[in-house]
Amino acid sequence: WDIYASAFVCAPTGDPEYFFTTHCLDSSTHNRGGYHSDRLEELEAQMSTTFDAEERDSLAVEMTQTILDDNAFIFASHLRMSIVSGEGVTGLEAHPCDYYEITVDLDKN
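Residue numbering for the sequence shown follows UniProt numbering, beginning at 1 and increasing consecutively.
Here you go:
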């Protein structure tokens, strides 16, 4: 194909590594374009053993810049989240990860 378009909720864990491991590496299950970068593979190997949040953020920025410099991905939009619920629904609070919207406080009266 010439262009592949996809939508992906990329941070259900809040960890920047998630997008790279699922979409950008040789071993990624969603690497639809077959993208490869030796540098990105090296950075991921480093990130996978780094636990300091600031260091992980710095690696994520460098990894992002790597895929942008390679024109491997074009990010066309960012989701603006909307929630619609039926009458009588209480306790529903928007959260970046839909997993956390289903709580013990969610109810329908």
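Glycine included, every Cβ here is placed at the ideal spot set by N, Cα and C.
The model shown is predicted, which means the values in this text are computed figures rather than measured ones.
**OP:** Grab me the residues of residue 29's own chain with a C-beta within less than 8 Å of its C-beta, minus the 5 sequence neighbours each way, in chain order.
**Re:** 22, listed in sequence order.
**OP:** Please go through the same chain and pick out, in chain order, the residues whose beta-carbon is closer than 6 Å to the beta-carbon of residue 50, but skip the five residues on each side of it.
**Re:** So the list reads 56, once near-sequence residues are dropped.
**OP:** Evaluate residue 67 with the Cβ neighbour count: other Cβ atoms within 10 Å of its Cβ, from every protein chain shown; 16 or more gives buried, anything less gives exposed.
**Re:** Buried.
Original post:
Whose CA, out of 65, 7 and 108, lies closest to the CA of residue 37?
Top reply: Cα-wise, what sits closest to residue 37 is 65.
Original post:
CB residue 92 to CB residue 63, shorter than 8 Å?
Top reply: The criterion of a C-beta distance shorter than 8 Å is not satisfied by residue 92 and residue 63.
Original post:
What number of angstroms, rounded off, separates the C-alpha of residue 34 from the C-alpha of residue 26?
Top reply: So the two alpha carbons sit approximately 7 Å from each other.
Original post:
Near residue 109, which residues of its chain fall below 7 Å by C-beta distance, leaving aside the five closest residues on each side in sequence?
Top reply: Cβ within range, chain order: 88 and 90.
Original post:
Around the Cβ of residue 8, are there at least 16 other Cβ atoms within 10 angstroms (buried) or fewer (exposed)?
Top reply: Residue 8 comes out exposed.
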